[in-house]
Structure formats: structure tokens, C-alpha cells
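Heads up: the structure comes next, in C-alpha cells.
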Amino acid sequence: MSSDLQTRPLPVGVVSADAIEQLDPFVPAGPPIGVALEALESPSVPHRIREEADGPVTRAVPGSNHFQLFLTSMPLVLADVAMLLGSLLVAASVTSLSLGTILAPTLDNQMVAIVAGYLLFGVLHGLFPGTGTSPVVELRQCVLAVWASFCLMIALNLALGVLSAGECSIGVIGVMLSTFTVPLFRMVLRKSLAKTSWWGERALIIGAGPQGRALFRFYDRAKERGLRPIGLVDSDTSAEHSEHLDTGGLPYLGSINELDRLNRRYRIRWAIVAPGGCRKLDMGQVMANASKIPNLLILPSQYLLPSLWATTRECAGVMGVHLRDHLQNPIALASKRLIDIVLSLTALICLSPVLLLIIAWVKWKSPGPAFYGHTRIGRGGKMFKAWKFRSMVADADRVLEEYLEQDVEMRRQWIEDQKLKNDPRIIPGVGHILRKSSLDELPQLWNVLCGDMSLVGPRPIVNSEIERYREMYPLYLRVRPGITGLWQVSGRNDTSYEQRVRLDSYYVCNWSVWLDAYLVLRTVRTILMREGAY
Numbered sequence: 001m002s003s004d005l006q007t008r009p010l011p012v013g014v015v016s017a018d019a020i021e022q023l024d025p026f027v028p029a030g031p032p033i034g035v036a037l038e039a040l041e042s043p044s045v046p047h048r049i050r051e052e053a054d055g056p057v058t059r060a061v062p063g064s065n066h067f068q069l070f071l072t073s074m075p076l077v078l079a080d081v082a083m084l085l086g087s088l089l090v091a092a093s094v095t096s097l098s099l100g101t102i103l104a105p106t107l108d109n110q111m112v113a114i115v116a117g118y119l120l121f122g123v124l125h126g127l128f129p130g131t132g133t134s135p136v137v138e139l140r141q142c143v144l145a146v147w148a149s150f151c152l153m154i155a156l157n158l159a160l161g162v163l164s165a166g167e168c169s170i171g172v173i174g175v176m177l178s179t180f181t182v183p184l185f186r187m188v189l190r191k192s193l194a195k196t197s198w199w200g201e202r203a204l205i206i207g208a209g210p211q212g213r214a215l216f217r218f219y220d221r222a223k224e225r226g227l228r229p230i231g232l233v234d235s236d237t238s239a240e241h242s243e244h245l246d247t248g249g250l251p252y253l254g255s256i257n258e259l260d261r262l263n264r265r266y267r268i269r270w271a272i273v274a275p276g277g278c279r280k281l282d283m284g285q286v287m288a289n290a291s292k293i294p295n296l297l298i299l300p301s302q303y304l305l306p307s308l309w310a311t312t313r314e315c316a317g318v319m320g321v322h323l324r325d326h327l328q329n330p331i332a333l334a335s336k337r338l339i340d341i342v343l344s345l346t347a348l349i350c351l352s353p354v355l356l357l358i359i360a361w362v363k364w365k366s367p368g369p370a371f372y373g374h375t376r377i378g379r380g381g382k383m384f385k386a387w388k389f390r391s392m393v394a395d396a397d398r399v400l401e402e403y404l405e406q407d408v409e410m411r412r413q414w415i416e417d418q419k420l421k422n423d424p425r426i427i428p429g430v431g432h433i434l435r436k437s438s439l440d441e442l443p444q445l446w447n448v449l450c451g452d453m454s455l456v457g458p459r460p461i462v463n464s465e466i467e468r469y470r471e472m473y474p475l476y477l478r479v480r481p482g483i484t485g486l487w488q489v490s491g492r493n494d495t496s497y498e499q500r501v502r503l504d505s506y507y508v509c510n511w512s513v514w515l516d517a518y519l520v521l522r523t524v525r526t527i528l529m530r531e532g533a534y
């Protein structure tokens, strides 16, 4: 594996607790990016924060617990309300123009109902402040809140006897616009807020082992999730342990016996327990010392458990984790297939002029067929031919073999990743453009329509790649491979094959229609930004 890939972090957009353990080896050593703390003690003391007599160290975010919560929530509240009202005004304007009448008298009531319904649903389902929420879960909650608020508006109009064609039109257009504008603007706003020093809630990581260090780095990069890690504490209080503790350059604040003092000093709102790699983490001791911290999040020591839709249940006085396998839900699977058919058919019809233009361009630049079909492994091990626009020369296999014989380093890169950054097989000009823009994969819409592939899923593999998946291969066989997916929006060619396998496994274990919807949105950004394509 190249040094560049070894220091490249996994993406923070989706990957959650079950993948955190894998982040640590790919993060560069050194101090964290976004935590403003005072100078550290000398290296002989394990990065312990200096306890100054003249006052506390600089905090990641200011203010008391309640003010901190207010600052974190209000930008999201105002943005969501603005998008809702903006969508409603656009819907009312379109309806007024089409009907030739002004609908202002009933618009005020509709605005009140929509805003009230959205805020009520949002508070009950954690949209505000939404700290630490996965972007996939937040997308789901936003869309459901939008639909709930417009349903409330229609219900009130029915109760008041003022439901008309105009009100119905406003509701339909408004909910369609809000379904896109509210979550999209929220994603953009989170990215902007993550760059500020005042937004977010302070979090303390309990456990200075590999899992705790990886968790700190994860949230320090994913500031848009609203958790600002301030440091690590560990379970072992012995001086010998402190002298030899390696935190990888991250701030070490002490032992769990000092949680009460740290809470008074930093006004911590979240404590995240990461037991992986810790020797003596006593949960009873943790609970007792963290009793004054409002939110306690406990990570399992086992990885690769489905995490995105997991919930907790009380089981005879003991906490149980309820894992949902949406791949066993026939309604969810039918919904995914219906979406695949509708969207792929629509795209093939709408993009037909573009497809014809690319066919002519490829044949003009390189003699031979415009399409290239390669046998791949589908769901359940079924073999199928995945179609692409030909972006390589006609005798690509011979060119590759000669190239790899001449360059040992490129042969090693090909064996490791099955990709070459400077691939000699690519048709000059047209080939590079098709691959960088992902237009070469448009013919796979036909594979989706035929049922061999899905719009979203793991990248289709060939027989020689099965051994690279090892024990994860049965997970790959559970779903149809996709045109886009978690790997495709996570750097694609800039990620190692090992990372690709983990990302595909995460997708299968945590699949839902909402995860697919989020990945489609991420795909648009990836294509526009040309991330990881070459």
C-alpha cells in the first residue's frame, strides 16, 4: 500500500461507530485540527493539558451548557423555517399565477401550521440540535418532518372547511420543494457552521485506547456533526500508566476520577465511552463519575455491527441493541427495485441525445465498438455483463500487459488496487473526459433496468477479486451491485482496496432506502467536484 493511501482518512460523511476502529491507521500523526487548547506539557508527560492557575484553557466552543445548546440549535431552526416558508411562497406564487387569483388570505394560516408541525416533529425526533446525528438519519428525519408539517396543514384546512384546489396545489408543490430544499440547505449550512469556533457541543472521549483515539480524530474532522472533542480521559489512574500512555498527540485530560472537575471546567455536554483497547474500563465507575454530564454515549467494543438503524431496548433490566436488517423487508426491497426501474427508464429517455453524441465521439476518436461489456458478479453470484462506454483502446489487454512488464512499481499498484493513476489504455482526450465525469458508466442504466444492477450498491467485481473480500464476500452477494455507492463517493480511486471492502460491507449492513437517497445526493457533488476520478 502506498504511503499516500496509508495516511488518507476514510470519509466522514457516512461512516459511523462500526467503522471508527478502521480510521486510526489512516490518519496522519500530530495534533488535532480543530480543538483550541493551551500548550501541552513536555513529551515525558503523555500530552496532559497544563492546569494553569490563572484560569481554564481555551474552550472549543463558548458559554454555558444551555447557551451552548441554544447556539447549536438556532442556526438550524432558522434555516429550516426559512426554507419551509420560501418553498411555501414559491408554491403559492406558482398556484396564483396558474389560477389567476391571489391566495394570500389563507397563506398565513398555512405558514403557521407548517412551521409549528415541523418544529414539533423536529424537537421530538432530534433534529434540534441534531448533535452527532448521522447525515443519513438526519436526511430521513428532515423529509419526514416536512411531510408531517404539510399533512398538518392539509388537516387544518379540512377542519376549517377551506380546502380548495388552490390549497391542495400549494401543499403538493410546497412539499415537493421542501423535500429537497430543507435537507440540502441544512447540509450546506452544517459545512459552513463547522468552520466556526462557536458552533457545536463539547464532547469528552472516555478511553484513550485505539478506539478512543480514532473516535477523537473522526469527530475532529467531522465537525459538521456538531460534536467538538476537547480531549481524552482514561480509566487507569496509576502514575506508571500515565507516564507510558501514548495518545498519539491528542490532548489527555486525566482519569475518569476527574470527570466532575473536568465537567465544571469545560461544561461538557457529551461523554463518549470508547472501551476498545482499554484495560480497566469499569462501566459502573464511568456512570458514577459522569452522572452530571447530560449525554452519555457508549460504544460497543465489537465492530462491523449494523449501526445506522440500531435502537436500544430494555431486556429484563439490561440494555439490548435492536438491529434491523432492511434487506429482509420485502416492502423496502420492492421500493428499491421500483425506484431503480422508474429512475433508470426516465434517465435513459431523457439522456438519449447525450448517449448518441458520446457513441459518435468514441467511434470517431478510436476505431472499434462504442460499448464495452465485462463479465461481473451480481447478487447471489449471478454473472452478468456490465456495460460501459469504451474509454480504452481496442487492444487494451495487450497494452496493459506490455506496460506492467516494463514497470515493476505500476505492476505492484495494479495488483494492490486494480487501478492505475496513469493508465496507458485510456483513449487520449475522450477517454479521460468520460472517466473523470463518470459519463462512461451511463450504459449501466440498462443493467439497472434489466435487474442486473441497482442505481446504488457496491461496485461490481470480477472473479479474481473474490479473495480480496475474504469473509465479507457473502455480504457482497446479498445486494445488486450499483452504479454509485459508498465507495464511489468516498474518493473512489484514491482509496485502497481494503477501504473499498470495508465501505461496501458497511453499506450492506446498514442499507435502507434513506441511505440510497443520501448517496445519490453525495454522488451529484462527487461528479461536480470530480472527486477521486482519474
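Sequence positions in the sequence shown follow the numbering used here and run 1 to 534. Positions of the beta carbon are idealized from the N, C-alpha and C atoms, including for glycine.
Buried or exposed (CB count within 10 angstroms, at least 16 for buried), residue i
{"i": "LYS385", "result": "exposed"}
{"i": "ILE293", "result": "buried"}
{"i": "VAL362", "result": "buried"}
{"i": "GLY161", "result": "exposed"}
{"i": "THR101", "result": "exposed"}
{"i": "MET187", "result": "buried"}
{"i": "LEU139", "result": "buried"}
{"i": "LEU308", "result": "buried"}
{"i": "LEU215", "result": "buried"}
{"i": "THR196", "result": "exposed"}
{"i": "TRP270", "result": "buried"}
{"i": "VAL136", "result": "buried"}
{"i": "ALA82", "result": "exposed"}
Cβ-Cβ distance between residue i and residue j below 8 Å
{"i": "VAL508", "j": "VAL479", "result": "yes"}
{"i": "ARG154", "j": "ALA92", "result": "The sequence as given places Ile at residue 154; Arg does not occur at that position. It is not a contact, given that the beta carbons lie outside the stated cut-off."}
{"i": "SER391", "j": "GLY451", "result": "no"}
{"i": "GLY380", "j": "LEU477", "result": "yes"}
{"i": "CYS151", "j": "PRO183", "result": "no"}
{"i": "SER73", "j": "ARG267", "result": "no"}
{"i": "GLN285", "j": "ILE256", "result": "yes"}
{"i": "ALA274", "j": "GLY209", "result": "yes"}
{"i": "VAL399", "j": "ARG425", "result": "yes"}
{"i": "VAL393", "j": "SER437", "result": "no"}
{"i": "VAL115", "j": "LEU84", "result": "yes"}
{"i": "ALA370", "j": "PHE389", "result": "yes"}
{"i": "VAL456", "j": "ASP516", "result": "yes"}
{"i": "LEU250", "j": "VAL233", "result": "no"}
{"i": "THR133", "j": "GLU201", "result": "no"}
{"i": "SER301", "j": "GLY276", "result": "yes"}
{"i": "GLY174", "j": "SER87", "result": "yes"}
{"i": "ILE483", "j": "MET453", "result": "yes"}
{"i": "PRO458", "j": "GLY485", "result": "yes"}
{"i": "PRO474", "j": "GLY378", "result": "no"}
{"i": "LEU76", "j": "LEU177", "result": "no"}
{"i": "ALA571", "j": "LEU296", "result": "The chain is shown only over 1 to 534; residue 571 falls outside these bounds and no answer can be derived."}
{"i": "TYR497", "j": "GLU416", "result": "yes"}
{"i": "ILE272", "j": "ILE206", "result": "yes"}
{"i": "ARG221", "j": "THR247", "result": "no"}
Residues that residue i bridges to, as DSSP identifies them
{"i": "VAL233", "result": "ILE206, GLY254"}
{"i": "GLY200", "result": "Per DSSP, none; premise fails for GLY200."}
{"i": "VAL393", "result": "BP columns for VAL393 are empty, so no partner."}
{"i": "ALA222", "result": "DSSP, once it has assigned bridges, lists no residue as partnering ALA222."}
{"i": "TRP387", "result": "GLY373"}
{"i": "THR484", "result": "VAL456"}
{"i": "ILE433", "result": "For ILE433, which the question treats as bridged, DSSP gives no partner whatsoever."}
{"i": "LEU124", "result": "The partner list for LEU124 (beta bridge, DSSP) is empty, contrary to what the question assumes."}
{"i": "ARG228", "result": "ARG202"}
{"i": "ILE461", "result": "ILE377"}
Chain-order list of residues whose beta-carbon lies under 8 Å from that of residue i (same chain, five-residue window excluded)
{"i": "LEU327", "result": "LEU333, ARG478, VAL479, VAL508, TRP511"}
Sequence-distant residues of its chain with Cβ nearer than 6 Å to residue i (five each side left out)
{"i": "ALA145", "result": "TYR118, PHE121, GLY122"}
{"i": "ASP80", "result": "VAL182"}
{"i": "PRO306", "result": "LEU323, CYS509, ASN510"}
{"i": "TYR219", "result": "LEU227, PRO229"}
{"i": "ARG225", "result": "GLY132"}
Neighbourhood of residue i by C-beta, 7 Å cutoff - its chain only, sequence neighbours within 5 removed
{"i": "LEU355", "result": "LEU442"}
{"i": "MET410", "result": "TYR403, LEU404, LEU420"}
{"i": "ILE349", "result": "none"}
{"i": "VAL94", "result": "ILE173"}
{"i": "ALA396", "result": "ARG425"}
Heavy atom of the ligand GTP within 7 Å of residue i beta-carbon
{"i": "ALA360", "result": "Among the components of this structure there are no ligands whatsoever, and the ligand GTP is therefore not found."}
### Query
Which residue spans inside the region 262 to 333 form an unbroken beta strand (DSSP E) run of at least 3?
Runs of the beta strand (DSSP E) inside the region 262 to 333: 270 to 273, 295 to 298, 311 to 315, 318 to 322.
### Task
Only counting runs of 4 or more residues, tell me where the alpha helix (DSSP H) segments fall wholly within the region 399 to 429, in order along the chain.
Scanning the region 399 to 429 from its first residue to its last, the whole alpha helix (DSSP H) runs of 4-plus residues come out as 408 to 417.
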